[in-house]
Structure formats: structure tokens, C-alpha cells
Amino acid sequence: MEEVTDGVNNMNLAAATSQKKNRIRVSNTKKPLFFFVNLAKRYMQQYNDVELSALGMAIANVVTVAEILKINGFAVEKKIMTSTVGIKDDSRGRPVPKAKMEITLGKSEKFDELMTAANEEREAAEAQLQS
């Protein structure tokens, strides 16, 4: 019985470590678009790159987030991957195919100076509000 318990614990550890720390699952209903833009900037500060992932109708949002970051000079595109995954539908009892897109972005050369400038602007605006 202990062997089974150890095996299950090892599987749980393997599953936890296989989840990427720099992945953002973008939705089209749960959060506003700029929540994901700002979160991606923070992830790039911490990990140097970020993987944006979306299923089905949220693919348009993941593309928009990536384009906002690229157009504003924060990120460069590293990889785009598309696939189809089977999502289990409880009402039908069988897997339903869904489109999936993953976009990996890395820091641009100007990332650090853009972030510094944005932080300075925010601090100046906050100081102006307080006075």
C-alpha cells in the first residue's frame, strides 16, 4: 500500500513541476484585456519571456494582447503554436475539439527602459494627485 501512496505522491509532484510558471491562460470573459497585458509585462520582468495561451473564442484576445505588447515595444515574438485539443463536455459525455493557440513572447531590447519610464510617469501622476 505504501508503494501506491508513494507513486501517487510522485505523480502529483511531477504534474506540479510540469506546469510552466511563465504561462498565462487568457480568457475572453473573466478579466479585462489590459489585465493580461499588465500581467504579461510582470511575467517578462520576472522570467524574461511569457507564454500566452488561449482556447476557442479567447484566441482573438491572446492575439490582441500579444500585438499590444509588440506594437508598444515591450515584446518580441519568439514562437506561435496552434493545435486542437479535446475538452470533455459534461452534457455530451465525449470530448469536444477546441482550437488552442500559444504565443511565446520575449523581452524587447527597450523593455527595461520602457518599464522604467512607465513607472516614473505613474509615480508622477500619483504625486500630483496627492498634492
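Start counting the sequence shown at 6; every next residue gets the next number (my numbering).
Every residue, glycine too, gets a C-beta built ideally from N, C-alpha and C.
Keep in mind that this is a model prediction, so the values were computed, not measured.
Problem set entry | DSSP-derived helix/strand/coil call for N15 | Here the question's residue 15 lines up with position 10 in the sequence shown. Confidence in N15 is poor, its pLDDT being 45 and thus under 50, which makes the residue's placement too unreliable to answer from.
Exercise. Under the three-state reduction of DSSP, which class applies to D94: helix, strand or coil?
Worked result: Here residue 94 corresponds to residue number 89 of the sequence shown, with the count starting at 1. The answer is coil: DSSP assigns D94 none of H, G, I, E or B.
Exercise. If we ignore side chains and look at the alpha-carbon of each, how far apart do E114 and T89 end up?
Worked result: Reading the sequence shown from its first residue, position 109 is the one you call residue 114. Reading the sequence shown from its first residue, position 84 is the one you call residue 89. Between E114 and T89, the C-alpha separation is close to 33 Å.
Exercise. Is the segment 101–113 in contact with the segment 74–84, if contact means three or more CB pairs nearer than 8 Å?
Worked result: In the pairwise beta carbon analysis, the segment 101–113 is classified as touching the segment 74–84: at least three pairs are separated by under 8 Å.
For this session: Output the distance between the C-alpha atoms of N141 and K84, rounded to the nearest integer angstrom.
Result: Residue 141 is absent from the model: the chain starts at 6 and stops at 136.
Exercise. Do you know how far the Cα of S136 is from the Cα of I64?
Worked result: Residue 64 sits at position 59 when you count from the first residue of the sequence shown. Residue 136 sits at position 131 when you count from the first residue of the sequence shown. When the Cα atoms are used, I64 and S136 turn out to be separated by approximately 43 Å.
Problem set entry | Reduced DSSP category for R99 - H, G, I as helix; E, B as strand; rest coil | In the sequence shown, the residue the question calls residue 99 occupies position 94. Under the three-state reduction of DSSP output, R99 falls in the coil class, being neither helix nor strand.
For this session: Identify every run of the beta strand (DSSP E) within the segment 42–90, keeping only runs that are complete inside it and at least 3 residues long; order them along the chain.
Result: Those beta strand (DSSP E) runs which fall completely within the segment 42–90 and span 3+ residues are 54–60.
Exercise. Helix or strand or just coil, what does DSSP make of E114?
Worked result: What you label residue 114 is simply residue 109 of the sequence shown in a count that begins at 1. In the structure shown, E114 adopts coil according to DSSP, grouped into three states.
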